[in-house]
Amino acid sequence: MLSDSSSFLKGMLLGALFCLVLAFIGSFAPGYHATEEDHHHHHVKAASKDELRGLTQAEMEELARQVQVYCLIMVQPKSLVYWATVKDTWSKHCDRAVFYTSEASKALEAVDLKEQNEWTRIRKALKHAYDNAGDLRWFFIARPTTFAIIENLKYLVLAKDPSEPFYIGHAMKSGELDYVEYESGIVLSYEALKRLVKMFQDGDKCPETESSLWKVAEEKQLAICLKYTGVFAENGEDVEGKGLFNSKSVEKLITDSLQNNPSNVVEGCCSDLAVTFSGMSPNQMQSSIKDKFVCEMKTQP
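Numbering (my numbering), first residue to last: 13 to 313.
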């Protein structure tokens, strides 16, 4: 078991990850137009820390104005503690955060989809988000067990044109299908969501109900529907190739790094620009978002 000092290191590390972009994040490039080539590769890279450090306060503010994120958090009454924790922590950094539930709860506000099937709920939630997005052009889908650093997500997509189709996260492969892992969070541009919502109308290529012969995971069903529209999974990573969407918790990543790279735990753990972590307890989420960690790390070079 890790010592108290190691536990403190975990908290400080996530504080550093969360704070780096708060201190240095920069501008959206409104004149940028993605090329066709952008959508044939399978890696979407964030810029380097050095590029972040060269940005001005005005550019930071421009990012907040231009890159706006609609967060869809998929919840159920049985996950009420996580639901409340996400509402009180990282979802506050979304430009709009909407909770979608399988059934209503008097405890917390959410859109009641009145649907137990997870894939059908995701479809309904995405259609609702598309219909109610207004000017928001980026969409982030997550379970309540996912912890997200929305500022890092905004930096990842700031030079991307949402009128082009982007489907980003922790990309995985199953046979010939590339898909984005649901547990680590899924990012869609407006164009990708637009195509997807239209594809929902095609019951043959993108059926709402599962096959009676076999069950296909929701994340794979989503990828199949998107693939029919010409949208393919892309892995979000930094310039060093480190993934930004993590299927493990900070604690697990640090434990692995302590074992595999004890001389440089922070560098070996994960990217400074990480967007998500998975499998964190509500208490870990609460401690990770504390202002004291942000304040302590803001002045670090």
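Yeah, the Cβ is synthetic: ideal placement off N, Cα and C, and Gly gets one too. Predicted model, so just to flag it, every value in this text is computed and none were measured.
Close CB contacts of I134 within its chain, under the 6 Å cut and outside five residues either way in sequence, are with E230 (chain order). The C-alpha of S117 lies about 6 Å from the C-alpha of P89.
Distances from the alpha-carbon of C282 to those of Y179, S293, G248 put G248 closest. Ranked by how close their Cα comes to the Cα of A245, the residues Y94, E195, I236 have I236 in first place. Counting along the chain, D214 sits inside no alpha helix (DSSP H), nor does DSSP assign it H or E at all. In chain order, W131 place their CB closer than 7 Å to the CB of Q233, counting only its own chain and leaving out the 5 sequence neighbours on each side. One thing to note: L285 has its Cβ within 7 Å of the Cβ of N164. The straight-line gap separating the alpha-carbon atoms of R207 and P156 is approximately 26 Å.
Restricting attention to beta strand (DSSP E) runs no shorter than 3 residues, the region 135-179 encloses them at 150-154, 158-160, ordered along the chain. Secondary structure of C106 (DSSP, three-state): coil. Y94 places its beta carbon 7 Å or farther from that of P219. Sequence-distant partners of Y142 (beyond 5 residues in either direction) whose C-beta falls short of 6 Å from its own C-beta, in its chain, are L205, V209.
If you compare the alpha carbons of G146, V169, T158, K254 with that of A96, the shortest gap goes to T158. Burial is judged here by how many other beta carbons sit within 10 angstroms of a residue's own beta carbon; E263 has at least 16 and is buried. With respect to F178, S201 sits close: the two C-beta atoms are nearer than 7 Å. Residue range 294-300 is occupied by the alpha helix (DSSP H) that includes M297. The Cβ neighbour count for N272, taken over all protein chains shown within 10 Å, is under 16; the residue is labelled exposed. A straight-line Cα-Cα distance of about 5 Å links F257 and H182. Counting of Cβ neighbours within 10 angstroms places Q128 among the exposed residues, the total staying below 16. Around the beta carbon of D250, a 10 Å sphere encloses 16 or more other beta carbons of the protein chains shown; the residue is thus reported as buried. Under the DSSP assignment, Y82 falls outside any alpha helix (DSSP H), being part of the beta strand (DSSP E) whose first and last residues are 81-87.
Excluding residues up to 5 positions away in sequence, N258, C281, C282, F289 lie with their Cβ nearer than 8 Å to the Cβ of L265 in the same chain. Per DSSP, A96 is one residue of the alpha helix (DSSP H) stretching across 92-100.
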